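S.K.:
In structure tokens:
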């Protein structure tokens, strides 16, 4: 499926993103392109340095390096593009409009792996990254005319406090957890922002 596909991966320097990128490059070398969105990279140069230091330079890529031998650097240069961005912002925080247009044109698959994984994270940080960030990724994906699939990775905690076995079932466009049609994202956002304001007023 991933052969000749362009894949946009958020959370590019994160634990899961590194594993996913390495697995794709190793098992499907005919992938067209991996676009890795890197947070806290103000420009392309900084993003490239972070790619080398925090992703490609890790031991995780040893097997791929051995497999590609002297072609490794050339292969990575051809297959991986770093994108300075931030999913907590509209348009994924991509400041280069030419790059944004290229992504919108080229991307076939979007994999959202950006999230905070701290269990005691500040509410506002979790809200803007894990909730609004996912919405920004969805909005961006909707603008990609060649999109084949959007993968949203989350934790078991999104299922709330359900007891017993929680089966993983694929959801298709229009399906919802509660069986109602549609989701009022703006209404949900207002509820969450009101709760955040309440917590801030209490000094939390």
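In UniProt numbering, the protein residues as written are 1 to 204.
Virtual Cβ for every residue (Gly too), placed ideally from N, Cα, C.
All figures in this text were calculated on a predicted structure; none of them were measured in a lab.
Would residue 57 and residue 36 be called neighbours here (beta carbons separated by less than 7 angstroms)?
M.R.: No. Outside cutoff.
S.K.: What are the start and end residues of the alpha helix (DSSP H) that includes residue 114?
M.R.: Premise fails: residue 114 is in no alpha helix (DSSP H) and is neither H nor E.
S.K.: Per DSSP, which residues does residue 33 bridge with? Please list them.
M.R.: DSSP, once it has assigned bridges, lists 6 as partnering residue 33.
S.K.: Which full runs of the beta strand (DSSP E) of 3+ residues lie inside the segment 122 to 176, going along the chain?
M.R.: The qualifying runs are 149 to 152.
S.K.: Could you say if the segment 95 to 102 and the segment 18 to 30 meet the contact criterion of at least three C-beta pairs nearer than 8 angstroms?
M.R.: The segment 95 to 102, when compared against the segment 18 to 30, does not touch it at the 8 angstroms Cβ threshold.
S.K.: Would residue 84 be called buried (16 or more neighbouring beta carbons within 10 Å of its own) or exposed?
M.R.: Buried, because 16 or more other Cβ atoms sit within 10 Å of the Cβ of residue 84.
S.K.: Go to residue 80, then tell me how far its beta strand (DSSP E) extends in each direction, as first and last residue.
M.R.: Residue 80 -> beta strand (DSSP E) spans 80 to 84.
S.K.: Please report the straight-line C-alpha distance between residue 23 and residue 1, rounded to a whole angstrom.
M.R.: Cα to Cα, the separation comes out at about 14 angstroms.
S.K.: Within its chain, find whatever has a CB closer than 8 angstroms to the CB of residue 19; leave out the 5 residues flanking it on each side and keep chain order.
M.R.: Within the same chain, residue 19 has close Cβ partners 60.
S.K.: Using the three-state DSSP reduction, which class does residue 199 fall into: helix, strand or coil?
M.R.: In the structure shown, residue 199 sits in a helix (DSSP, three-state: H, G or I).
S.K.: Is the beta carbon of residue 113 sitting closer than 7 angstroms to the one on residue 16?
M.R.: Yes, the Cβ-Cβ distance between residue 113 and residue 16 is below 7 angstroms.
S.K.: Thinking C-beta only, is residue 109 closer than 7 angstroms to residue 149?
M.R.: Going by C-beta atoms, residue 149 is nearer than 7 angstroms to residue 109.
S.K.: State yes or no: is the C-beta of residue 136 within less than 7 angstroms of the C-beta of residue 87?
M.R.: Their beta carbons are under 7 angstroms apart, which means residue 136 touches residue 87 by this criterion.
S.K.: Drop a sphere of 10 angstroms on the beta-carbon of residue 185, count the other beta-carbons inside from all chains shown, and report buried for 16 or more, exposed for fewer.
M.R.: Classification for residue 185: exposed.
S.K.: Distance, Cα to Cα, residue 201 vs residue 195?
M.R.: Distance between the alpha carbons of residue 201 and residue 195 is about 10 angstroms.
S.K.: How about residue 199 and residue 128: are their beta carbons less than 7 angstroms apart?
M.R.: No.
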